[in-house]
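Take a look at the structure set out below.
Protein chains: 4
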Amino acid sequence: MTTRFEARDPLFEQRVRESFRMQPLMAFIGAELVAVTPGRCEIRLPFRNELAQQNGFFHGGIIGTLADNAGGFAAYSLMPHDAGVLTVEYKLNLMAPADGEMLRAEGDVVRAGRNLVVSRAEVHVAQGDRWVHCASMQQTLMTMHGKGVS
Amino acid sequence: MTTRFEARDPLFEQRVRESFRMQPLMAFIGAELVAVTPGRCEIRLPFRNELAQQNGFFHGGIIGTLADNAGGFAAYSLMPHDAGVLTVEYKLNLMAPADGEMLRAEGDVVRAGRNLVVSRAEVHVAQGDRWVHCASMQQTLMTMHGKGVS
Amino acid sequence: MTTRFEARDPLFEQRVRESFRMQPLMAFIGAELVAVTPGRCEIRLPFRNELAQQNGFFHGGIIGTLADNAGGFAAYSLMPHDAGVLTVEYKLNLMAPADGEMLRAEGDVVRAGRNLVVSRAEVHVAQGDRWVHCASMQQTLMTMHGKGVS
Amino acid sequence: MTTRFEARDPLFEQRVRESFRMQPLMAFIGAELVAVTPGRCEIRLPFRNELAQQNGFFHGGIIGTLADNAGGFAAYSLMPHDAGVLTVEYKLNLMAPADGEMLRAEGDVVRAGRNLVVSRAEVHVAQGDRWVHCASMQQTLMTMHGKGVS
């Protein structure tokens, strides 16, 4: 996770933020794009009861949604200006109850090929003043050359 | 997918429906538990713009949420009356744009062990009068003996 | 798993069998390509102690090898004559001890896109006169257009 | 990956090395257990033609075998003295051709629960004097309490 990447597109941050804003689901659940750097993206989501499963914790599907986006935008940050990004698949391990006030998903590119990108995301949940590691994701994405959103 | 299962708990349907109702996220996104039989569960979700990604299709995280629940409740239908269910992990392939009016996730138990259960789910999207196969999931669940919701 | 596929390449069987023969690992472990039809492939492997883990059962890595190949050749059977096939990723659930005399991996294409193909494989182990379902795989493959082996 | 673990069993290294030796497959393919520390395990495997796929590179199944074992023994190093370890599932991304003289799999525990452990493994291939990152794995393992090998 220590590999440093360089963005090919100097306007990558603007492009990622624009794509995030264009996803109605992010506003619907209340997610915030905290930071994006080349090959890395962090998204946070405050708890609200509507996002819970039967025990009052964040639902696993919401954890997957955040992880998918964090890994996906990490990948998208490295793509050419005119490209779109597509999630091919993701695999999520839920390791501890996501019982807390805030969810944080940090996505990191593992390897960026010309067409396929592999990302990972770590998801933590805030319990008082500590962050509990509650999920880990591994993901494959595809660069859609010439199919950017704008 | 043709294996037939028998439910150990004659009240399995009531138990699954109650657990579904206790997940606030299902009401929030508008999902409906259509049917549950031993080892099988179907959930549907009408499209609304709040659930979309940047192209106006169902967001991959929502597809994962539905698939996770369909596979999870399929597993839960086979568990003892006093057990709870926990998703250990799931892996989702997104195979076609989920561009349509309705999402349908069908979960099926592949193998039910005493502690671990493996499920799969197929997700289709309604485009006019046909159902397009848009995602496939494979999932591991754990039986939480003696930790049922009621 | 009931979808019927048509092979674009009338010589698909010969091409798949040739590719199987060109994998030294298959001969090394003693695997046999039993059958290949469009979108489907079956491989068998008799037990020998060299393939075992610490309890004398087939090693999980060998199960993965067989499943990867069964799913991969199922995908390859549908590809154009001049294409090569590449495994992007696979996910394998080991569901029961692979304790028996023979391993059988059946691979099936779930969806064949122009570039990406999703396959699954079921692995059974022969215990006397019955086949025990011991593993399930879900896999993503890529068509390498114009990069066939010959 | 920076979490430090402590082994509950002071004889963990001996136990892991003994289990490795008891897997006939490791000797058959020529794999060597290079190092094991609490929550971490490294395995190496020199290339030989018998392990190749059709292009003369390490076969994906062999990469999976090494990754499965590296992650599994990393998990096993943290388990109680009388426990056994079982791979529940693993997911492997193949990111670059494993074209080289030696394969190195490094397994790391991500989270060790009482029953379930999540590990990852990174696989590199030696090409002359550099190591190319060719595969990444994420894996779930189960502690079999009281079912150790000895």
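First to last, the sequence lines map onto chains C, E, X and R. The numbering used here numbers the first residue of the first sequence as 461 and each following residue consecutively. The numbering used here numbers the first residue of the second sequence as 461 and each following residue consecutively. The numbering used here numbers the first residue of the third sequence as 461 and each following residue consecutively. The numbering used here numbers the first residue of the fourth sequence as 461 and each following residue consecutively. Each residue gets a CB set at the ideal place from its N, CA and C atoms; glycine is no exception. All figures in this text were calculated on a predicted structure; none of them were measured in a lab.
Per DSSP, the unbroken alpha helix (DSSP H) holding Arg475 (chain C) starts and ends at Phe472 to Arg481. Asp568 (chain E) is bridged by DSSP to E:Arg500 and E:Arg580.
Looking at the DSSP output, Glu549 (chain X) bridges to X:Thr600 and R:Asn553. When the five nearest sequence neighbours on each side are left out, the beta carbons in the same chain lying within less than 6 angstroms of the beta carbon of Cys501 (chain R) are those of Ala530, Phe533, Ala534 and Gly567, in order along the chain. A distance below 8 angstroms between beta-carbons, with the five flanking residues on each side excluded, links Met555 (chain X) to the following residues of its chain, in chain order: His593, Cys594, Ala595 and Ser596. Around the beta carbon of Asn553 (chain E), 16 or more other beta carbons lie within 10 angstroms, which makes this residue buried. Annotated three-state conformation of Leu538 (chain E) is coil, per DSSP. When Cβ-Cβ separations below 8 angstroms define contact, Asn553 (chain R) makes contact with chain C. Ala558 (chain X) sits close to Phe518 (chain X), with the two beta carbons spaced by under 8 angstroms. A straight line joining the alpha-carbon of Gln483 (chain C) with that of Leu526 (chain C) spans about 12 angstroms. Note on Lys607 (chain E): under 16 other CB atoms within 10 angstroms of its CB, so exposed under the neighbour-count rule. Around Phe488 (chain E), the beta-carbon contacts reaching into chain C at under 8 angstroms are Glu510 and Leu511. In the three-state scheme derived from DSSP, where H, G and I count as helix and E and B as strand, Phe488 (chain C) is classed as helix. Separation of Ala572 (chain R) and Tyr550 (chain R) (C-alpha to C-alpha, rounded to the nearest whole angstrom) is 16 angstroms. For a Cβ distance threshold of 8 angstroms, residue set Val548 and Met602 of chain C lies close to Leu576 (chain X), ordered along the chain. If you ignore the 5 residues before and after Ala467 (chain C), its C-beta comes within less than 7 angstroms of the C-beta of Pro498, Ser537 and Leu538, all in its own chain and listed in chain order. For His593 (chain R), DSSP records a beta bridge to R:His584. Judged by DSSP in its simplified three-state form, Gly544 (chain R) adopts strand. Look at the region 468 to 494 of chain C: the residues with a C-beta under 7 angstroms from a C-beta of chain E are Ser479, Met482, Gln483, Pro484, Leu485 and Phe488.
Here Phe507 (chain E) carries a coil assignment [DSSP, helix/strand/coil]. Gly490 (chain E) and Pro506 (chain E) do touch by the CB rule: their CB atoms are close to 6 angstroms apart, below 8 angstroms.
Setting aside the 5 residues that flank it on each side, Trp591 (chain X) is surrounded in the same chain by His584, each with a C-beta closer than 6 angstroms to its C-beta; the list follows chain order.
By the neighbour-count criterion, in which a residue is buried when 16 or more other Cβ atoms sit within 10 angstroms of its Cβ, Val578 (chain R) is buried. Taking all protein chains in view, the Cβ of Gln513 (chain R) is crowded by 16 or more other Cβ atoms within 10 Å, so the residue is classified as buried. Secondary structure of Ala527 (chain X) (DSSP, three-state): helix.
With a threshold of 8 angstroms between beta carbons, His584 (chain X) makes no contact with chain E.
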